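In what follows, a structure is listed as structure tokens, so that the remarks can point back to it.
Chains as they are written, first to last, in the working numbering: chain Z, 1 to 522; chain R, 1001 to 1324.
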């Protein structure tokens, strides 16, 4: 009797469900991550920054290739070496109807360093600003102590909140929606943690009119479930399609895939600083002087890696071999650097030349739940290195354990990833290659403690060179110096894949963000 | 009875204290949450600010005492990741997990026990044997795989049921429950079935064993001799006698269900506590981990207590504690 009841429940539920799918012009999308907060300044992390762009705008926006274009500012020019002038857009309204003015920009800049309990804030983006001068309601002058040629990039990193709606409010008020008032293309309707975020169209948006009336975002972290949700029609779009599912989804009816290269670089950081590196020994297991201090050994390691094979076999073609820290075509990228060719013979020759004809022993460490196929990549690299004589063991661990230990310099060869928020090279060089300098704030992710005075000097020079052409020239020289000296071993850039229902298209972005205005009906 | 309860409560307090110390120290040794949460290009100054703000620069014992002081007032601290009270975040997600757990338990009890009893009675024909085969599958197949299979079959191929998420909850007595609408029910069926599979198999095997044992007993022969109908013998008398082991085991398993529905919740994107805790462990959000584990331990203690009391009610021969 109970079983019969259950069966009839199932049938009735499915009939009703079938009827309810018929609603159109609304989208349901399944995203891999969920934001930790809807307060755009609380936590500088990808999911939060992505969702912030739905409700808020930046002073300067980034397009799908991370080139800057006017957002809440129509134009910006340096009026002196230490002053940038921003001309703000007129006629922009917040979701509560109040107008956007210079007061909101000033309030935003002042709020950022003062958000309580922020695990990671945007203070770095506004730290150099000494004064925010409001010339008139639509003109703002930003004063800095030293020349700041990259100030526009800083203003392309955080979003602007409404002074009226958020003054005196806390992060929790953003999460509940009370203070979550922006100028962006969509308004927040509600957020049920873990279940869904509901947005509706902002009909008064200053930019391109948003296409969709209502969008429901569902966080689905399990890769298999997310793909199944797309195939079953429960969602109209998903992000981060796992490489292993690309083949069968390409063949599936009713599903379309869209790719874009991303700025997520997967690379190796080598301990090039210490004489005594914890994970390095000779073939018999005795301690030796760290071979990776010699540039020939580092170059040999780079030559030993078959990037094409990793991209084709492990990443199923969804990776682009890398030569530097940004993909080609970006500002400040060298046109002469090319991905290191797979050359095991050359690697062995270099090792012999450096004094290690029999190679040595090493352990490679990496995360196993952070980057796409990170565990497999580490194992492949270990095998490739072993082939040229560097007998390598693999030790991968969850990211919760890995990053702390890596930053505490417990490892010698580390598999890591990096994605530049600012879309330009100085961010990468400054964090990865510049000598670790706590006061100046350089080398925060330089876990190999690489140190090259030429790289340091050129980077610091570029950071105060305001003329864009000159700035890029110095940046390119700096990057070439660092890469030719193998400060890090770049491996590849990940390719992001989005899946949609047939009839929709997604304009892939190199920052990997899923934004509503990139979703178009065909 | 009173002495028994007081003794129990004291024991429980000690268990909770020891548990809190273990978890605190354990999470501390895994690593520093700031390393995971901070933006990779943050300056060392920014890193230091975050560490100070979360009190992670203090020595471990000092952090623990701050926590203990707060806990005695019911404040388990703010989550590092969400910056809201850890207890509030957990209790927000509790109804969803409870709903899932209760439904799974309901299925296990009302499908597993009858099936098990049938298997016990019909143990030498194809009905009984197939029920037992099903129960073996229920034990051995991993929840993770079964969940994905259910989604692929019922959602992708047949399109009958949604692939995940929770349906529109309906407000009832101040709680948001999703099984009160047909649509909500459709979202609940697959994850509840997934979760219920193991418990159902458990219930089947326990009931079957119980029935087989009891059918041999004298009181059954006596009842038959007296002329009682089969339905009454089995449906009433045998059923009561098999309940003790079944309730004991299912009671403990219920605690398991609530605490560890993690896999099912992750696969079906069900917004419950389990998913919250696994995510929090991944980023070392210590306040949530500690709060969650303390709540779980409390729950187990309570269930243990209820089972013990029920036990003494069901079986008059059993005495609690030191009653003489």
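C-beta: ideal position from N, C-alpha, C; glycine also.
On a predicted model such as this, the values are computed, not experimentally measured, just so you know.
For residue i, does the three-state DSSP call read helix, strand or coil?
i: residue 584(Z); result: Here chain Z comprises residues numbered 1 to 522, so residue 584(Z) is not present and cannot be evaluated.
i: residue 492(Z); result: strand
i: residue 424(Z); result: coil
i: residue 498(Z); result: strand
i: residue 1182(R); result: helix
i: residue 345(Z); result: helix
i: residue 75(Z); result: strand
i: residue 1015(R); result: helix
i: residue 219(Z); result: strand
i: residue 69(Z); result: strand
i: residue 395(Z); result: strand
i: residue 161(Z); result: coil
i: residue 54(Z); result: helix
i: residue 141(Z); result: strand
Let me confirm a value: residue i is counted as buried when at least 16 other C-beta atoms fall within 10 Å, else exposed. Which label applies?
i: residue 1129(R); result: exposed
i: residue 58(Z); result: buried
i: residue 40(Z); result: buried
i: residue 522(Z); result: exposed
i: residue 1108(R); result: buried
i: residue 418(Z); result: buried
i: residue 66(Z); result: buried
i: residue 196(Z); result: buried
Quick one: residues in its chain with C-beta nearer than 7 Å to the C-beta of residue i, no 5 flanking neighbours on either side, listed in chain order?
i: residue 125(Z); result: 154, 157 and 158
i: residue 68(Z); result: 60, 62, 152 and 156
i: residue 1291(R); result: 1076, 1086, 1087 and 1090
i: residue 37(Z); result: 43, 48, 171, 174 and 175
i: residue 462(Z); result: 426, 471, 474, 475 and 478
i: residue 1243(R); result: 1314
i: residue 337(Z); result: 323, 324, 480 and 483
i: residue 1119(R); result: 1128, 1131, 1132, 1204 and 1208
i: residue 52(Z); result: 40 and 159
i: residue 1216(R); result: none
i: residue 1278(R); result: 1262 and 1266
In its own chain, which residues sit with a C-beta less than 8 Å from the C-beta of residue i, not counting the 5 before and 5 after it?
i: residue 452(Z); result: 433, 435, 481, 482, 485 and 487
i: residue 1031(R); result: 1284
i: residue 387(Z); result: 304 and 344
i: residue 1146(R); result: 1194 and 1197
i: residue 87(Z); result: 73, 74, 75, 76, 138 and 139
i: residue 1184(R); result: 1166, 1167, 1168, 1169, 1170, 1177 and 1178
Using 8 Å for Cβ pairs, my map puts residue i next to residue j. What's the rounded Cβ distance?
i: residue 389(Z); j: residue 340(Z); result: Incorrect: roughly 17 Å between the Cβ atoms, too far for contact.
i: residue 72(Z); j: residue 94(Z); result: No, residue 72(Z) and residue 94(Z) are not in contact; Cβ-Cβ is about 11 Å, not under 8 Å.
i: residue 513(Z); j: residue 210(Z); result: Incorrect: roughly 16 Å between the Cβ atoms, too far for contact.
Are the C-beta atoms of residue i and some chain R residue less than 9 Å apart?
i: residue 58(Z); result: no
i: residue 234(Z); result: yes
i: residue 166(Z); result: no
i: residue 222(Z); result: yes
i: residue 179(Z); result: no
i: residue 357(Z); result: no
i: residue 502(Z); result: no
i: residue 285(Z); result: no
i: residue 527(Z); result: With chain Z running from 1 to 522 in the structure shown, residue 527(Z) is simply not present.
i: residue 454(Z); result: no
i: residue 45(Z); result: yes
i: residue 24(Z); result: Residue placement at residue 24(Z) is flagged as unreliable, the pLDDT there being 49, under the threshold of 50; a coordinate-derived value is accordingly withheld.
i: residue 514(Z); result: no
i: residue 94(Z); result: no
i: residue 50(Z); result: no
Any C-beta of chain Z sitting closer than 9 Å to the C-beta of residue i?
i: residue 1163(R); result: yes
i: residue 1271(R); result: yes
i: residue 1059(R); result: no
i: residue 1155(R); result: yes
i: residue 1103(R); result: no
i: residue 1075(R); result: no
i: residue 1282(R); result: yes
i: residue 1037(R); result: yes
i: residue 1325(R); result: Because chain R here runs from 1001 to 1324, residue 1325(R) falls outside it and cannot be looked at.
Output yes if chain B places a C-beta closer than 9 Å to the C-beta of residue i; else output no.
i: residue 1159(R); result: Judged by its chain identifiers, the structure shown contains no chain B, and its protein chains are Z and R.
Looking only at its own chain, which residues have a Cβ that is under 6 Å from the Cβ of residue i, when we skip the five neighbours before and after it?
i: residue 421(Z); result: 157
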